[in-house]
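For reference, the structure is listed below as structure tokens.
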Amino acid sequence: MKAIVVGAGVGGLTAALALRARGIEVEVLESAPGERTSGGGLGVACNASKVLRALGVDLAASGVGRVCERFSLRTPSGKPMRELPIASIAVELGAPVVNVRRHDLITALRAALGDTAVHYGANVVGFDRVAGGVTAITLDGRMRSADVLVGADGIRSVVRGQLFGPEPVNEYGYVCWIATVPFTHPNLPPGAAAHYWGRGKRFGLLDIGGGDAYWWGTMNVPAGRRSGGKPEVLRCFDGWAPEVVDIVRRTPPEDIVAVPAQDRAFRDQPGEGPVTLVGDAAHPMLTSLSQGAGSAIEDGYHLAHALAAADHPVTGLRAYERARRDRVRALVAASRRLSRVEQLANPLAVALRDLAIKHAPRAVVRRGNLAPMRYDLPA
1 MKAIVVGAGV GGLTAALALR ARGIEVEVLE SAPGERTSGG GLGVACNASK
51 VLRALGVDLA ASGVGRVCER FSLRTPSGKP MRELPIASIA VELGAPVVNV
101 RRHDLITALR AALGDTAVHY GANVVGFDRV AGGVTAITLD GRMRSADVLV
151 GADGIRSVVR GQLFGPEPVN EYGYVCWIAT VPFTHPNLPP GAAAHYWGRG
201 KRFGLLDIGG GDAYWWGTMN VPAGRRSGGK PEVLRCFDGW APEVVDIVRR
251 TPPEDIVAVP AQDRAFRDQP GEGPVTLVGD AAHPMLTSLS QGAGSAIEDG
301 YHLAHALAAA DHPVTGLRAY ERARRDRVRA LVAASRRLSR VEQLANPLAV
351 ALRDLAIKHA PRAVVRRGNL APMRYDLPA
């Protein structure tokens with residue numbers, strides 16, 4: 001069996017690695033001219049680090065990124081509201097949370113793939129279903145055939161567009177700025193992560209190892225409005241905790257990327273015939289649960305498992321989609337719910353939210369943080 005994966009991001013490379021591990025020939029087509037060096041950072045949660053470890057990519061053991069040992073929720077001024085039990089959850093689940101530069105994770109996945117064919121500058125513009133499989137068509141007119149085609153090409157997936165036609169994106173009325181930068185600060189100890197919650201705006205700060213930190217900031221804005229760049233970020237977080245203001249000031253303007261808060265309508269079956277989708281192409285989700293990359297990593301593992309177990313490639317694709325449906329739907333919905341709470345702007349609602357954060361029972365807080373990261377590899 002042969003698979004073509006469209007997209008060499010986290011989801012696409014994980015899918016390729018999992019397929020290769022199951023003895024399935026795989027070829028990856030990526031539109032970018034080379035490995036992407038931008039994209040900020042991410043938290044590889046316990047569920048995702050467990051999958052990667054099963055595929056031979058042990059981030060913690062290899063020193064890629066930084067194991068998250070402390071995670072706190074803070075007020076805009078930096079006053080602690082709640083310590084989240086991230087370290088004990090990692091012990092319970094048997095895998096760590098690792099905060100990492102996205103490019104470093106992609107580099108680790110690419111290295112694990114060895115001699116697997118990854119073609120950069122291969123801009124897929126469509127596909128044709130043919131007898132016994134599918135043919136991917138690139139902008140230069142070249143055609144490559146396989147038994148299955150896996151769209152891992154993001155929220156604006158070309159593969160999804162051909163499968164289902166034009167679809168609107170859901171807008172949530174806020175922008176997220178992201179960047180990574182060399183940064184240390186007494187208020188960000190090694191292995192720490194902190195989220196600062198304000199009124200209609202939030203900030204995240206994560207140690208990603210090697211003297212670097214990843215930060216993100218959100219602000220409620222009208223849908224479709226373009227970001228004003230670094231000056232707007234500085235205005236937005238003026239007067240916040242010293243470490244928040246400091247890291248924004250230290251970030252070169254060209255390194256700050258603005259991303260609108262978007263997702264799409266959930267599809268129970270993100271595929272047809274010999275074609276399926278993984279990651280943001282299948283189920284884009286808001287960043288609130290930090291499970292976008294994690295769910296894509298899970299997708300890749302499940303896809304390979306289902307194809308290897310099936311007596312026909314198409315049967316395997318539908319089995320994969322069924323196996324993922326309930327969990328991914330729940331993650332998308334939970335991300336939306338949490339996002340609404342995080343971005344509250346009404347002063348009374350914000351006061352009640354913060355009060356709940358401070359006084360919620362420990363068992364409730366633990367259960368809420370544990371649920372998205374509890375994941376068992378398919379047998």
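Using full-length UniProt numbering, the first residue of the sequence shown is number 1, and each one after it goes up by one. Just so it is clear, CB atoms sit at the ideal spot from N, CA and C, and this is done for glycine as well. Please read all numbers here as calculations on a predicted model, not as lab measurements.
If I follow the unbroken alpha helix (DSSP H) through residue i, where does it start and stop?
i	result
valine 314	313-342
isoleucine 357	347-359
valine 233	230-236
leucine 29	Not the alpha helix (DSSP H): leucine 29 falls in the beta strand (DSSP E), residues 25-30.
asparagine 47	46-54
valine 10	10-21
leucine 59	59-62
Closer than 6 Å by C-beta to residue i: which residues in its own chain qualify, once you throw out the five before and the five after it? Chain order, please.
i	result
alanine 258	Val175, Trp177, Ser227
valine 22	As written in the sequence, residue 22 is arginine, which differs from the valine given in the question. Once the five neighbours on either side are set aside, the close Cβ partners of arginine 22 are Ala304, Ala308.
alanine 323	His302
alanine 282	Pro270
DSSP three-state label for residue i, please.
i	result
isoleucine 208	strand
tyrosine 301	helix
alanine 146	strand
glutamine 291	coil
threonine 107	helix
glutamate 35	coil
proline 168	coil
glutamine 269	coil
threonine 184	coil
threonine 251	coil
proline 221	For the sequence presented, residue 221 should be read as valine rather than proline. DSSP places valine 221 in coil when its eight states are reduced to three.
leucine 93	helix
proline 80	strand
proline 372	helix
Enumerate in chain order the residues of its own chain whose CB-to-CB distance from residue i is below 8 Å, with the five nearest sequence positions on each side excluded.
i	result
cysteine 236	Lys201, Gly217, Met219
isoleucine 137	Val124, Val125, Gly126, Phe127, Asp128, Met143
phenylalanine 164	Arg267
proline 313	Met1, Gly133, Asp147, Val148, Pro274, Leu307
valine 98	Gly43, Val44, Ser49, Leu59, Ala60, Val64, Gly65, Arg66, Val67, Cys68
Under 9 Å, do residue i and residue j count as touching if we go by C-beta distance?
i	j	result
glycine 161	arginine 66	no
alanine 108	cysteine 46	no
leucine 17	threonine 116	yes
leucine 344	arginine 249	no
valine 28	glycine 11	no
residue 393	glycine 279	The structure shown does not extend to residue 393, since the chain is modelled only from 1 through 379, so no value can be given for it.
leucine 188	glutamate 254	no
Could you give the residue range of the beta strand (DSSP E) that holds residue i?
i	result
residue 443	No answer is possible for residue 443: the residues shown for the chain start at 1 and end at 379.
histidine 119	117-120
Check whether chain C comes within 9 Å of residue i, counting only Cβ atoms and requiring the distance to be less than that.
i	result
glycine 198	Looking at the structure shown, chain C is missing, and only one protein chain is on hand.
Grab me the residues of residue i's own chain with a C-beta within less than 7 Å of its C-beta, minus the 5 sequence neighbours each way, in chain order.
i	result
arginine 336	Leu286
valine 233	Trp177, Gly217, Val248, Ile256
aspartate 246	His185
isoleucine 357	Leu73, Met81, Arg82
Is the segment 151-167 close to the segment 268-276, with three or more CB pairs under 8 Å? yes
Does the structure place the segment 68-87 close enough to the segment 328-347 that three or more beta carbon pairs sit under 8 Å? no
Three or more C-beta pairs closer than 8 Å, one from the segment 38-45 and one from the segment 162-170: is that the case here? no
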